[in-house]
Amino acid sequence: GQQVMQIPQYQHVQEGEDFTTYCNSSTTLSNIQWYKQRPGGHPVFLIQLVKSGEVKKQKRLTFQFGEAKKNSSLHITATQTTDVGTYFCAGTTSGTYKYIFGTGTRLKVLA
Amino acid sequence: GAGVSQTPSNKVTEKGKYVELRCDPISGHTALYWYRQSLGQGPEFLIYFQGTGAADDSGLPNDRFFAVRPEGSVSTLKIQRTERGDSAVYLCASSRSGLNTEAFFGQGTRLTVV
């Protein structure tokens, strides 16, 4: 079945450093969404990417969708302590509404 | 309400018992998802409703799990003969129309089977 892996599993950064998490799917995706989950909280939607090679920015966050629509990345510039949490990608394939979540990357930011 | 509401927030039950978990989606959202999340893992898809019908129930682990959404709004996830392995946080999410729309998650129900 479809699998979505994320690397790294954990990342500790010093406040102000950059951070990147990578999402890789075993199958071609029709679209991909990114979520952030704070410790003890629920996933919160960040963004959706649909087009091959698409790049979207939200303030310090940059999201990319690969040309083959099998991978994606989230890059945070100059991390802040408020960025702490686990970042998940979730992808769906053509003809289905089922979103498969990735394994997640847990980010810790040291002040 | 303003967001997705799930009740109860916590449920402790004995092995073998029956439980019902409720999800009240955002008003007007036709799509509703149930996920299960174990500690340190990503949400695992269980079932997707579009309106009243289960459009995709391929994630339900076995026939002990069943979900309904009789009027296209509130949904109930039902688990029969609970097992300790069913312990997890059960998350509900709703969206305006399903594909290509933002999903809003509830706070989840933490189920513990003892």
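Residue numbers (the working numbering), protein chains in the order written: chain A, 402 to 512; chain B, 1071 to 1184.
The beta carbon of each residue, even a glycine, is placed where N, CA and C say it ideally should be.
This one's a predicted model, so the numbers in the text were calculated from it and none came from an experiment.
| Query | Result |
| --- | --- |
| Could you check the C-alpha separation between GLU416/A and ARG1154/B for me, to the nearest Å? | 40 Å |
| For a test of the three-state rule: what should DSSP assign to GLY1129/B, helix, strand or coil? | coil |
| Can you grab the Cα-Cα spacing for the pair LEU1161/B / ARG461/A, in whole Å? | 28 Å |
| Applying the criterion that 16 or more other CB atoms from any shown protein chain within 10 Å of the CB defines a buried residue, is ASP419/A buried or exposed? | exposed |
| Is the beta carbon of GLN1150/B less than 8 Å from the beta carbon of ARG1134/B? | yes |
| Which stretch, first to last residue, makes up the beta strand (DSSP E) that contains GLY486/A? | 486-493 |
| Specify, as a first and last residue, the run of the beta strand (DSSP E) that HIS443/A falls within. | Segment: none, HIS443/A is in no beta strand (DSSP E) and carries neither H nor E. |
| Within this structure, are the beta carbons of THR429/A and LYS471/A separated by less than 8 Å? | yes |
| In the DSSP output, which residue or residues are listed as bridge partners for ASP1156/B? | ASP1156/B is not bridged to any residue. |
| Is the Cβ-Cβ distance between GLN410/A and THR506/A less than 8 Å? | yes |
| Spell out whether any CB of chain A is found under 8 Å from the CB atom of ASN1080/B. | no |
| Whose Cβ in chain B lies nearer than 7 Å to the Cβ of GLY505/A? | GLY1112 |
| As a quick exercise: from VAL456/A, HIS413/A, SER453/A and ARG439/A, pick the residue whose alpha carbon is nearest that of PHE489/A. | ARG439/A |
| Taking 8 Å as the CB-CB limit, is PRO409/A close to chain B? | no |
| Who are the Cβ neighbours of LYS499/A in its own chain at under 7 Å, not counting the five residues just before and after it? | THR493 |
| Return the residue from the list ALA1163/B, LEU1130/B, GLU1084/B and GLY1129/B that minimises the CA-CA distance to ARG1092/B. | ALA1163/B |
| Taking the C-alpha atoms as reference points, what is the distance between VAL414/A and LYS457/A? | 23 Å |
| Per DSSP, which one or two residues make a beta bridge with ARG439/A? | None; ARG439/A has no bridge partner. |
| Please list the partners that ILE501/A has in chain B, where partner means a Cβ-to-Cβ separation under 8 Å. | PHE1115 |
| Should THR1100/B and GLY1121/B be called a contact, given that it needs their Cβ atoms to be closer than 8 Å? | yes |
| Which residues bound the beta strand (DSSP E) around GLN415/A? | 411-415 |
| Listed in chain order, which residues of the segment 415-444 of chain A have Cβ atoms closer than 7 Å to some Cβ of chain B? | ASN432, HIS443 and PRO444 |
| Tell me the DSSP secondary structure of THR478/A in three-state form. | coil |
| Assign THR504/A to one of three DSSP states: helix, strand, or coil. | coil |
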